[in-house]
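For the sequence shown, my numbering gives the first residue as 57, with consecutive numbering after it.
All residues carry an ideal CB built from backbone N, CA and C; glycine is no exception.
Remember, predicted model here, so these are calculated numbers, not experimental data.
Since the structure comes first, as structure tokens, the remarks are kept for the end.
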Amino acid sequence: MSTSVLVINCGSSSIKYALVSERREDRIFGLAENLGSPEARIKGITAGGAPLELSIPDANHEKALEIILERLSHYNPQAIGHRVVHGGTLTKAELLTPEIIDRIRAATPLAPLHNPAHLVGIDATMRLFPQLPQVAVFDTAFHQTMPSHAYRYALPKFLYTQHNVRRYGFHGTSHAYVSERGSELAGSFKQGGWLTAHLGNGSSTCAIWNGQSVDTSMGLTPLEGVVMGTRSGDVDPSIHSFLASNLGWDIYKIDKMLNSQSGLLGLSDLSNDMRTLIDAADQGNEDAALAIEVFCYRLAKSLAALSCGLPRIDGLFFTGGIGENSALIREKTLAYLPHFGFNLSKDKNDSLKRGTEGRIDAGAGPQIWVVPTDEEGRIAKETQNVVELEVTAAKKSKAEDEAVA
57 MSTSVLVINC GSSSIKYALV SERREDRIFG LAENLGSPEA RIKGITAGGA
107 PLELSIPDAN HEKALEIILE RLSHYNPQAI GHRVVHGGTL TKAELLTPEI
157 IDRIRAATPL APLHNPAHLV GIDATMRLFP QLPQVAVFDT AFHQTMPSHA
207 YRYALPKFLY TQHNVRRYGF HGTSHAYVSE RGSELAGSFK QGGWLTAHLG
257 NGSSTCAIWN GQSVDTSMGL TPLEGVVMGT RSGDVDPSIH SFLASNLGWD
307 IYKIDKMLNS QSGLLGLSDL SNDMRTLIDA ADQGNEDAAL AIEVFCYRLA
357 KSLAALSCGL PRIDGLFFTG GIGENSALIR EKTLAYLPHF GFNLSKDKND
407 SLKRGTEGRI DAGAGPQIWV VPTDEEGRIA KETQNVVELE VTAAKKSKAE
457 DEAVA
């Protein structure tokens, strides 16, 4: 395999991995899921496109990583890139050093479900591949270009200055990739005003001007914003005191409800999978139909709000599992935005197949595109950029030392 970067994305009970080279068709990738349970397994695609399914009963993150890394070690990756959800005040991808690892650890209160898992992955890969350069690529970094009026909460100033309470935004690698690729397809690379909708079990929106994030729907944590699979998105902040006072719930129960039992699952009382809900709605399930409608309305409402950050709107990009695959969700969402001049082509929208990028507007008004995301590819690219900068800096330093000598 040609020059490659190993991308690791550790979740709370899963590990996504990908060996990314110049040619996307050569990519090896997979998912270790249900970690810590008897059903733990690895599923993926090996070299040449062959499927892989491996049972690893009761394996934890470290054991699963050891198995994954052992299977990939003979490909000799040149670097390892780690997806890290929260970088705190870090504004760009960083070479992993003890200081950067400490800063990731310090940001754990801002992402308690994600950063500890990322640190497990970092520890394992640094122990097993101590000779390789390793880079952290942060979900929050792309949104560090937001102006203060977009990222500050209307809370007492000391919470920001002393405790870093502010809006950070997430899904940054996806929004960055999709806006870059989409604007290139549209013939205006990193130019103009674009809205992006990353729609999956986790969903967020973003406003991008000339290639930079100017606002996004997620905030201090990935709970803020649009309706998601199991996350509520925006709710009245006083719901916490209401539930505590009237139902006796503590903060942990409320937090679990908002993050794990709400969203599409809570509304439908059926599933967090949009495909299941669409099938159920077609069979007359009113709760499933309502969940779909709330999802689309709140999504449109978020896109409309984010448009305030753009001098003009050149178009909209849909991505993520739902955004790429559900013509119905795209159609319903745009139906709530008639005053923005979007002109959807129903034929183009309905004919677009899974994993295919394409333009789905009728040629008038702002452009509408479906752009499959490639977070792993983006992480690999940023990892390579950081490593190349470090190599260049090291050569320059050596040359300067030799000149002085």
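Considering only the beta carbon of each residue, do residue i and residue j sit closer than 8 Å?
i, j, result
"ALA167", "THR277", "yes"
"LYS404", "GLY414", "yes"
"HIS138", "ALA163", "no"
"ILE71", "HIS117", "yes"
"SER260", "PHE226", "yes"
"ARG386", "VAL282", "no"
"ALA149", "VAL221", "no"
"GLY92", "ASP114", "yes"
"ASN328", "THR286", "yes"
"TYR207", "ARG223", "yes"
"ASN67", "HIS170", "A quick correction: the sequence has Gly, not Asn, at residue 67. Yes, these two residues count as a Cβ contact at 8 Å."
"HIS254", "SER269", "no"
"ARG408", "VAL427", "The displayed chain sequence assigns Leu, not Arg, to residue 408. Their beta carbons are not under 8 Å apart, which means LEU408 does not touch VAL427 by this criterion."
"SER244", "ASP370", "yes"
"GLY256", "GLY376", "yes"
"LEU184", "LEU128", "no"
"ILE160", "VAL176", "no"
Grouping DSSP H, G and I as helix and E and B as strand, with all else coil, what is residue i?
i, result
"VAL221", "coil"
"MET57", "The pLDDT assigned to MET57 is 44, lower than 50, so where the model puts this residue is not dependable; a value taken from the coordinates is nonetheless given after this. MET57 falls in the coil class under three-state DSSP."
"HIS467", "Nothing can be reported for residue 467: it is not among the residues displayed for the chain, which extend from 57 to 461."
"PHE489", "Because the chain here runs from 57 to 461, residue 489 falls outside it and cannot be looked at."
"SER294", "coil"
"GLN187", "coil"
"ILE112", "coil"
"ILE334", "helix"
"ASP430", "coil"
"SER239", "helix"
"ILE424", "strand"
"ASP417", "strand"
"VAL270", "strand"
"GLY377", "helix"
"GLY281", "coil"
"ILE369", "coil"
"GLY390", "The amino acid occupying residue 390 in the given sequence is Leu; Gly does not appear at that position. It is helical."
"LEU152", "coil"
Please name the residue or residues paired with residue i in a DSSP beta bridge.
i, result
"GLN317", "None, per the DSSP bridge assignment."
"SER260", "HIS254"
"LEU146", "Looking at the DSSP assignment, LEU146 forms no beta bridge with any residue, so it has no partner."
"GLU89", "ARG97"
"CYS66", "ILE71"
"HIS138", "ILE64, ALA192"
"GLY275", "Answer by DSSP bridge pairing: none, since GLY275 is not bridged."
"VAL76", "VAL61"
"TRP305", "TRP305 is not bridged to any residue."
"ILE84", "LEU75"
Closer than 8 Å by C-beta to residue i: which residues in its own chain qualify, once you throw out the five before and the five after it? Chain order, please.
i, result
"ARG368", "GLY248, GLY249"
"THR448", "none"
"LEU279", "ARG287, SER288, GLY289, LEU314, ASN315"
Going by other Cβ atoms of all chains shown within 10 Å of its Cβ, with 16 needed for buried, is residue i buried or exposed?
i, result
"PRO174", "In the sequence under discussion, the amino acid at residue 174 is His, which differs from the Pro named in the question. With 16 or more other Cβ atoms within 10 Å, it is buried."
"THR217", "exposed"
"CYS352", "buried"
"ALA420", "exposed"
"PHE373", "buried"
"LEU390", "buried"
"SER204", "exposed"
"PHE214", "exposed"
"ALA103", "exposed"
"ASP430", "buried"
"ILE307", "exposed"
"CYS364", "exposed"
"TYR73", "buried"
"GLU155", "exposed"
"ARG331", "exposed"
"GLN187", "exposed"
"ASP406", "exposed"
"HIS199", "buried"
"LEU400", "buried"
Near residue i, what residues of its chain come up, given a Cβ to Cβ distance below 6 Å and the 5 sequence neighbours on each side ignored?
i, result
"ASP540", "Past the edges of the chain, shown from 57 to 461, lies residue 540, and the structure says nothing about it."
"GLU89", "SER70"
"LEU151", "VAL191, VAL442, GLU446"
"GLY267", "LYS246"
"THR59", "GLN134"
"GLY238", "PHE373, TRP425, VAL427"
"MET274", "GLY225, PHE226, SER260, GLU280, GLY281"
Once the 5 residues before and after residue i are set aside, which same chain residues still bring their CB inside 7 Å of it?
i, result
"ASN381", "ARG410"
"SER111", "ARG97"
"LEU384", "ILE334"
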